[in-house]
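K.L.:
The structure that follows is given in the form of structure tokens.
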């Protein structure tokens, strides 16, 4: 089947739409810029050939309305106007597979627009890279009934959510949020600022300051068919032993609460919340000196990981090198292992799965090694411990396959828990590689990242198709195309959508329209439910602001679109 595609770019708002026409249909489309500004045009596309292997002539008759100035243009190559440019059109054949469809959708984006989006919105890759309103997306996109979508929310809640997400989408505010916090702190205004944040951004993205406060949201989400990932969202601490012990105890408390409903609950842990980051980086250096491929490490390194790190440090000293670990570091590493032992053993005892967060690449080899070590110990019968795979990394797919081979090997034979994400540390990774003159570990383009993520998704679901109990999979994404791919592959591979080893994961306060659509499709969907004292959760909130800016701007403003649509429906 031939599809004629015209891409139109709005230069003022950096948005574009693809207009696809089959069988000479007339298309009446609209391009939205901002809140309620619509420019309309009529386009008729005619193709003169049924041969899908050649590009056929396309006749375009266009009237573009802009500031009451009409511009008529008959040109088979492009349309140029002050606001609108047709930059590309062609005839394309229908792809043969679902994965081809998704990869084509991403690769057909214009490089200049996508690269700008990739570089500017680099703190979040759990998002779509399309621009334009929902009705301008291709036929696979959602067009939801908002009266059902937001039935559980009051009009006041909808308006509050709309305003918070709208503010997060303003570049000046999100880009300078840390500077604003520093300024208020210097002026001695931290308390009034924290009060404001508690009843605005904190209320949108966090469930409370204590684990008990989160239980209200947990019950509400469970009634809506959504599970929870309890997240003690402390990202930066003073680095004291008491502080790390406190974080570990709070994580254990999330496990105890999750154990009340283990089939609908996860916990999660971030290792830099349990140990000083510089010590974790030293551990990463020690294991990387042996190999960066964890699956190549000797069996003893998994059976006794603490001894492995201490022995590696001693070995360097015997070779005449300066000791990498000081006596203080060794003490802290031992305490770190005690905290991990406590957390993972409790998860195993209570039957609560836990997600180990990914971090920067200069910690990641150690994180992989530690997570695999505990997975070998506790994932014998079912996936309890889930490792996170960042598919925006150049080696992302290789690492995933290596760990799967490790899990299915005769010498270990455990159930791999895999959470796949795009990634969230592009800025720090790129800056560090430039500073050290090393190779950037991140894939060069957003298209490469999309392809990597979708390939990983297909690979893992293929394994589950062969053995439903071989892998625990968390599809962590706000990217609509990847979510669509996941649900379609589940159907194509005839996998039971209620399989407890497959779930989708999204953030609290974001992408509700995607979450509730997954509920309607009877998929298992979980929301990260963060909590913690306001002043200590601020780094998490700043990250959420950055990610929302990227998510809103690059996911076609759909969250805002559906919120506005439902508010207008109720009021007018």
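Numbering (the UniProt record's numbering), first residue to last: 1 to 572.
Glycine included, each C-beta is placed from N, C-alpha and C at the ideal position.
1) Can you say whether residue 354 is buried or exposed, counting buried as having 16 or more other CB atoms within 10 angstroms of its CB?
2) What does the alpha-carbon distance come out to for the pair residue 367 and residue 284?
3) Taking C-beta to C-beta, are residue 168 and residue 177 nearer than 7 Å?
4) Could you say if the region 481-499 and the region 430-445 meet the contact criterion of at least three C-beta pairs nearer than 8 Å?
5) Within a Cβ cutoff of 7 Å, which residues of the same chain sit near residue 265, ignoring the five residues on either side of it in sequence?
6) Would you call the region 296-307 and the region 272-281 touching, i.e. three or more CB-CB distances under 8 Å?
7) Which residues does DSSP pair with residue 390 in a beta bridge?
8) To the nearest angstrom, how far is the alpha carbon of residue 512 from that of residue 289?
9) Exposed or buried, what is residue 298 when buried is set at 16 or more other beta-carbons lying within 10 Å of its beta-carbon?
10) Using the DSSP secondary-structure output, state which residues sit across from residue 526 in a beta bridge.
11) Is it buried or exposed, residue 381, if we count other Cβ atoms within 10 angstroms and call 16 or more buried?
12) So, is residue 339 buried or exposed, given that buried needs 16 or more other C-beta atoms within 10 angstroms?
13) Are the CB atoms of residue 402 and residue 295 within a distance shorter than 7 Å?
14) Among 501, 309 and 172, whose alpha-carbon lies nearest the alpha-carbon of residue 365?
15) Applying the 10 Å Cβ sphere with the 16-neighbour rule, what's the burial state of residue 195?
16) Using the Cα positions of residue 47 and residue 234, report the straight-line distance between them to the nearest angstrom.
17) At the level of alpha carbons, what is the spacing between residue 333 and residue 326?
18) Going by the CB atoms, is the gap between residue 508 and residue 527 shorter than 7 Å?
19) Alpha carbons only, please: which of 316, 474, 207 and 146 is nearest the one belonging to residue 532?
20) Can you look up residue 495 in the DSSP assignment and give me helix, strand or coil?
21) Can you grab the Cα-Cα spacing for the pair residue 565 / residue 498, in whole Å?
22) Please report how far the alpha carbon of residue 459 lies from the alpha carbon of residue 179, in whole angstroms.
23) Return the Cβ separation of residue 269 and residue 356 in integer angstroms, given the expectation that the two are a contact with Cβ distance under 8 Å.
24) Whose C-alpha, out of 530, 537 and 479, is nearest the C-alpha of residue 514?
25) CB-CB under 8 Å to residue 119, same chain, minus the five flanking residues each way: which ones, in chain order?
26) Taking residue 473 as part of the alpha helix (DSSP H), name the residues at either end of that continuous run.
27) For residue 330, which of 462, 371 and 307 has the nearest alpha-carbon?
28) So for residue 409, helix, strand or coil by DSSP?
29) Which first and last residues belong to the alpha helix (DSSP H) in which residue 515 is found?
30) Write down the C-beta distance between residue 456 and residue 419 rounded to the nearest angstrom, noting that I regard them as a contact closer than 8 Å.
31) Could you name the residues of the same chain whose beta carbon sits closer than 8 Å to that of residue 155, not counting the 5 residues immediately before and after it, in chain order?
32) Would you kindly work out how many angstroms separate the C-alpha atoms of residue 577 and residue 542, rounded to a whole number?
33) In angstroms, rounded to a whole number, what distance separates the CA positions of residue 337 and residue 392?
P.N.:
Concretely, from the data shown:
1) Position 354 of the chain shown, counted from the first residue, corresponds to residue 354. Counting Cβ neighbours within 10 Å, residue 354 comes out buried, since at least 16 surround it.
2) By 1-based counting over the chain shown, the position of residue 367 is 367. By 1-based counting over the chain shown, the position of residue 284 is 284. Taking the straight line from one Cα to the other gives about 8 Å.
3) Within the chain shown, residue 168 is the residue found at index 168, counting from 1. Within the chain shown, residue 177 is the residue found at index 177, counting from 1. For residue 168 and residue 177, no; Cβs fall outside 7 Å.
4) no
5) As a working mapping, residue 265 is identified with position 265 in the chain shown. Within the same chain, residue 265 has close Cβ partners 227, 228, 230, 258 and 352.
6) no
7) Within the chain shown, numbered from 1, the residue matching residue 390 stands at position 390. 421, per the DSSP bridge assignment.
8) Position 512 of the chain shown holds residue 512. Position 289 of the chain shown holds residue 289. Rounded to whole angstroms, residue 512 to residue 289 spans 44 Å at the Cα level.
9) What you label residue 298 is simply residue 298 of the chain shown in a count that begins at 1. Classification for residue 298: exposed.
10) The count along the chain shown starts at 1 and reaches residue 526 at position 526. According to DSSP, residue 526 bridges with 227 and 505.
11) As a working mapping, residue 381 is identified with position 381 in the chain shown. Burial call: exposed.
12) Indexing the chain shown from 1 puts residue 339 at position 339. The residue in question, residue 339, is buried, as its Cβ has 16 or more Cβ neighbours within 10 Å.
13) In the chain shown, counting from the first residue as 1, residue 295 sits at position 295. In the chain shown, counting from the first residue as 1, residue 402 sits at position 402. Yes.
14) Along the chain shown, read from residue 1 onward, the residue named residue 365 stands at position 365. Taking only the C-alpha atoms, the option nearest residue 365 is 309.
15) Taking the chain shown and counting its residues from 1, the one referred to as residue 195 is at position 195. Exposed: under 16 other Cβ atoms inside 10 Å.
16) By 1-based counting over the chain shown, the position of residue 47 is 47. By 1-based counting over the chain shown, the position of residue 234 is 234. Reliability fails at residue 47, whose pLDDT of 37 lies under 50, so the model's placement of it is uncertain and the value that follows must be treated cautiously. Using only the alpha carbons, I get a separation of about 58 Å.
17) For the purposes of this step, residue 333 is identified with residue 333 of the chain shown, where counting begins at 1. For the purposes of this step, residue 326 is identified with residue 326 of the chain shown, where counting begins at 1. So the two alpha carbons sit approximately 10 Å from each other.
18) Sequence index remark: in the chain shown, residue 527 carries index 527 (1-based). Sequence index remark: in the chain shown, residue 508 carries index 508 (1-based). Yes, Cβ-Cβ distance for residue 527 and residue 508 is below 7 Å.
19) Locating residue 532 in the chain shown gives position 532, counting from the first residue. The residue with the shortest Cα to Cα distance from residue 532 is 207.
20) For the purposes of this step, residue 495 is identified with residue 495 of the chain shown, where counting begins at 1. Residue 495 falls in the coil class under three-state DSSP.
21) For the purposes of this step, residue 565 is taken as the residue at position 565 of the chain shown. For the purposes of this step, residue 498 is taken as the residue at position 498 of the chain shown. Answer to the nearest angstrom: the Cα atoms are 32 Å apart.
22) On the chain shown, position 459 is the one that residue 459 refers to. On the chain shown, position 179 is the one that residue 179 refers to. One C-alpha to the other measures close to 42 Å.
23) On the chain shown, residue 269 is found 269 positions in, with the first residue counted as 1. On the chain shown, residue 356 is found 356 positions in, with the first residue counted as 1. At roughly 6 Å, the Cβ-Cβ gap stays under 8 Å, so residue 269 and residue 356 are in contact.
24) Counted from its first residue, the chain shown places residue 514 at position 514. It is 479 whose Cα lies nearest to the Cα of residue 514.
25) Position 119 of the chain shown holds residue 119. Because the pLDDT of residue 119 is 41, which lies under 50, any placement of that residue in the model is unreliable, and the number read from its coordinates should be weighed accordingly. None.
26) Position 473 of the chain shown holds residue 473. No alpha helix (DSSP H) contains residue 473, which is instead part of the beta strand (DSSP E) from 471-476.
27) Start at 1 with the first residue of the chain shown, and residue 330 comes out as number 330. Residue 330 has its Cα closest to that of 307, out of 462, 371 and 307.
28) Residue numbering aside, residue 409 sits at position 409 when the chain shown is read from its first letter. The answer is coil: DSSP assigns residue 409 none of H, G, I, E or B.
29) Sequence index remark: in the chain shown, residue 515 carries index 515 (1-based). Start and end: 512-520.
30) Translated into positions along the chain shown, residue 456 becomes position 456. Translated into positions along the chain shown, residue 419 becomes position 419. Actually they are not in contact, since the Cβ atoms of residue 456 and residue 419 sit about 11 Å apart, beyond 8 Å.
31) What you label residue 155 is simply residue 155 of the chain shown in a count that begins at 1. Excluding residues within five positions, the ones whose Cβ falls inside 8 Å are 567, 570 and 571.
32) There is simply no residue 577 to check, as the chain begins at 1 and stops at 572 in what is shown.
33) Position 337 of the chain shown, counting from 1, holds the residue named residue 337. Position 392 of the chain shown, counting from 1, holds the residue named residue 392. About 29 Å.
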